[in-house]
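K.L.:
Protein chains in written order, with our numbering: chain L, 131 to 294; chain V, 131 to 294.
First the structure, then my questions, so here it is.
There are 2 protein chains.
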Amino acid sequence: MSDQETAKAVEPLEIAKPDAARQRLRVWLKLLKTQRQIEAVLRERLRVEYNTTLPRFDVLAALYRAEKGMKMSELSSELMVSNGNVTGIIERLVADGLVVRVSVENDRRAMLVRLTRKGQEDFAAMAGVHRGWVDELLGGLDEDAARQLMALLGAAEPKLGETE
Amino acid sequence: MSDQETAKAVEPLEIAKPDAARQRLRVWLKLLKTQRQIEAVLRERLRVEYNTTLPRFDVLAALYRAEKGMKMSELSSELMVSNGNVTGIIERLVADGLVVRVSVENDRRAMLVRLTRKGQEDFAAMAGVHRGWVDELLGGLDEDAARQLMALLGAAEPKLGETE
DNA sequence: AACAGAAACTTTAGGCTTGAAGTTTCATGC
DNA sequence: GCATGAAACTTCAAGCCTAAAGTTTCTGTT
Chain L
131 MSDQETAKAV EPLEIAKPDA ARQRLRVWLK LLKTQRQIEA VLRERLRVEY
181 NTTLPRFDVL AALYRAEKGM KMSELSSELM VSNGNVTGII ERLVADGLVV
231 RVSVENDRRA MLVRLTRKGQ EDFAAMAGVH RGWVDELLGG LDEDAARQLM
281 ALLGAAEPKL GETE
Chain V
131 MSDQETAKAV EPLEIAKPDA ARQRLRVWLK LLKTQRQIEA VLRERLRVEY
181 NTTLPRFDVL AALYRAEKGM KMSELSSELM VSNGNVTGII ERLVADGLVV
231 RVSVENDRRA MLVRLTRKGQ EDFAAMAGVH RGWVDELLGG LDEDAARQLM
281 ALLGAAEPKL GETE
């Protein structure tokens with residue numbers, strides 16, 4: 131937190147670039163705005179068309195890809211949400227008959243979560259339509275622009291590593 | 131919405147391009163992931179360093195820019211959140227002495243919300259640090275990349291307009 | 001075997017978020 | 001003037017979300 135005293139006159143590199151910092155802040159705000167706009171539309175349509183929510187859809191999508199089911203902890207790290215959060219969402223999905231919990235062989239702490247047939251069917255019905263929505267919303271991007279955007283977003287991923 | 135009948139044999143462009151749709155879905159997922167990663171870091175740091183939350187920060191930022199205060203409805207549309215949501219956040223900010231409500235001249239329905247001196251000071255203290263965080267997190271983007279990203283995000287903004 | 005610590009979840013308290021319904025006030029047409 | 005509808009908020013119920021604390025189970029070490 132205080133290892134920069136020596137950098138005073140030696141390196142005027144990062145410090146003397148307020149333009150880049152301003153530009154990056156603008157990028158962040160724009161990223162946020164774009165994401166929120168898209169998400170708002172998807173959320174609204176999921177609600178109106180399928181009477182469901184985005185978090186539920188995200189969970190179903192993850193489970194649909196996981197043939198053999200997922201552990202709660204795998205789900206929460208994949209979706210980047212907290213453990214306790216997943217507990218609640220799964221509870222409601224179970225109550226609606228879209229998901230089942232299975233206890234894991236040889237580890238009585240863990241739970242495996244899997245789609246029921248109804249869960250599979252419901253998600254399959256939504257998935258194609260959802261993809262169409264995204265395709266429509268991002269219609270402003272041709273294939274080339276999309277590729278460029280992928281690359282830039284890759285570069286924009288935050289540099290983590292100091293996990294402590 | 132239907133001015134493309136003539137494009138049948140001439141241009142097999144939009145229709146026969148499932149690749150573009152796949153690419154757009156990938157863009158959306160990447161956009162979401164990047165945004166969530168950045169937001170998670172900012173949220174965590176705001177909590178640890180300033181004992182506050184992102185929604186509160188967003189509200190303070192909006193009010194800081196608004197010299198003369200903002201109406202509740204202006205706030206909610208600016209931040210793209212619901213009316214009722216703003217009510218709750220403002221309530222807590224008022225309780226903490228960062229914000230005051232003033233009744234609007236000539237319209238007893240509306241409320242003007244404004245930062246207190248403490249609100250101004252607290253936000254001013256956070257703003258610079260927050261900008262530094264964003265600058266650090268987006269350090270992978272040089273100024274040129276940032277500019278390109280801005281342009282592409284502009285193109286990626288969802289096409290709305292059918293408001294009904 | 002027994003203990004310590006880690007792992008996988010759940011629970012809890014509190015805040016965020018939404019859409020819908022409710023209240024008060026304003027604006028407009030008649 | 002007065003009624004009707006719109007506007008600006010607030011309230012409400014329900015779900016989402018987090019961090020922190022709690023429970024049970026597993027995995028070493030000694």
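Glycine included, each C-beta is placed from N, C-alpha and C at the ideal position.
Only a predicted model underlies this, so the values are computations on that prediction, with no experimental measurement involved.
#1: Have a look at tyrosine 180/V and methionine 256/V and give me their C-alpha separation to the nearest angstrom.
#2: List the residues of chain V whose Cβ lies closer than 7 Å to the Cβ of proline 288/L, in chain order.
#3: Does the region 267 to 280 of chain V touch the region 275 to 285 of chain L, meaning 3 or more C-beta pairs lie closer than 8 Å?
#4: Who are the neighbours of glutamate 273/V on chain L, taking C-beta pairs under 9 Å?
#5: Quick check: is the beta carbon of methionine 256/V nearer than 9 Å to any beta carbon in chain L?
#6: Take the Cβ of aspartate 252/V as the centre, count every other Cβ of all protein chains shown within 10 Å, and call the residue buried at 16 or more, exposed below.
#7: Judging by CA-CA distance, which residue of Leu267/V, Val224/V, Ile219/V, Ser207/V is the nearest neighbour of glutamine 167/L?
#8: Please tell me whether arginine 195/L has its Cβ less than 9 Å away from any Cβ of chain V.
#9: Mind checking if valine 216/V is an interface residue toward chain L, Cβ cutoff 9 Å exclusive?
#10: Look at leucine 267/L and leucine 172/L and say whether their C-beta atoms are less than 9 Å apart.
#11: Exposed or buried, which one is serine 132/L when buried takes at least 16 other CB atoms within 10 Å?
#12: Between the Cα of arginine 222/V and the Cα atoms of Glu273/V, Pro185/V, Ala196/V, which residue gives the shortest distance?
#13: Give the range of the beta strand (DSSP E) segment to which methionine 241/V is assigned.
#14: Pick helix, strand or coil for lysine 201/V, following the three-state DSSP scheme.
#15: Select from Thr182/V, Asn236/V, Ala151/V, Leu209/V the residue whose C-alpha is nearest the C-alpha of leucine 193/V.
#16: Give the straight-line distance between the Cα atoms of leucine 287/V and threonine 164/L, rounded to the nearest whole angstrom.
#17: Buried or exposed: which applies to valine 234/L, given that a residue is buried once 16 or more other Cβ atoms fall within 10 Å of its Cβ?
#18: Near aspartate 188/V, what residues of its chain come up, given a Cβ to Cβ distance below 6 Å and the 5 sequence neighbours on each side ignored?
#19: Please compile the residues from chain L whose C-beta is within a distance smaller than 7 Å of the C-beta of leucine 279/V.
#20: Does any CB atom of chain L fall closer than 9 Å to the CB of leucine 161/V?
#21: Please list the partners that threonine 164/L has in chain V, where partner means a Cβ-to-Cβ separation under 9 Å.
#22: Assuming valine 234/V is part of the beta strand (DSSP E), what are its boundary residues?
#23: Using a Cβ-Cβ distance under 9 Å, would valine 224/L count as near chain V?
#24: Can you give me the C-alpha to C-alpha distance between leucine 205/V and arginine 247/L, rounded to a whole angstrom?
#25: Alpha carbon to alpha carbon, what distance is there between arginine 154/L and histidine 260/V?
#26: Under the three-state reduction of DSSP, which class applies to asparagine 181/V: helix, strand or coil?
#27: Please list the partners that methionine 210/L has in chain V, where partner means a Cβ-to-Cβ separation under 9 Å.
P.N.:
In this structure, then:
#1: 8 Å
#2: Gln167, Ile168, Val171, Leu267
#3: yes
#4: Listed along the chain, the chain L residues whose CB falls inside 9 Å of the CB of glutamate 273/V are Lys147, Asp149, Ala150, Gln153, Arg154.
#5: no
#6: buried
#7: Ser207/V
#8: no
#9: no
#10: yes
#11: Since pLDDT at serine 132/L reaches only 43, below the 50 mark, its modelled position is unreliable, and no value is offered.
#12: Pro185/V
#13: 237 to 245
#14: Looking at lysine 201/V - three-state DSSP - the assignment turns out to be strand.
#15: Leu209/V
#16: Checking the displayed sequence, the identity of residue 287/V turns out to be glutamate instead of leucine. One C-alpha to the other measures close to 6 Å.
#17: Valine 234/L comes out exposed.
#18: Leu209
#19: Within chain L, the residues Val157, Leu282, Ala286 have their CB atoms less than 7 Å from the CB of leucine 279/V, given in chain order.
#20: yes
#21: Chain V residues near threonine 164/L: Leu161, Gln165, Leu283, Gly284, Ala286, Glu287, Pro288.
#22: 229 to 234
#23: no
#24: 44 Å
#25: 12 Å
#26: coil
#27: Here the neighbours are Lys163, Arg166, Gln167, Ala170.
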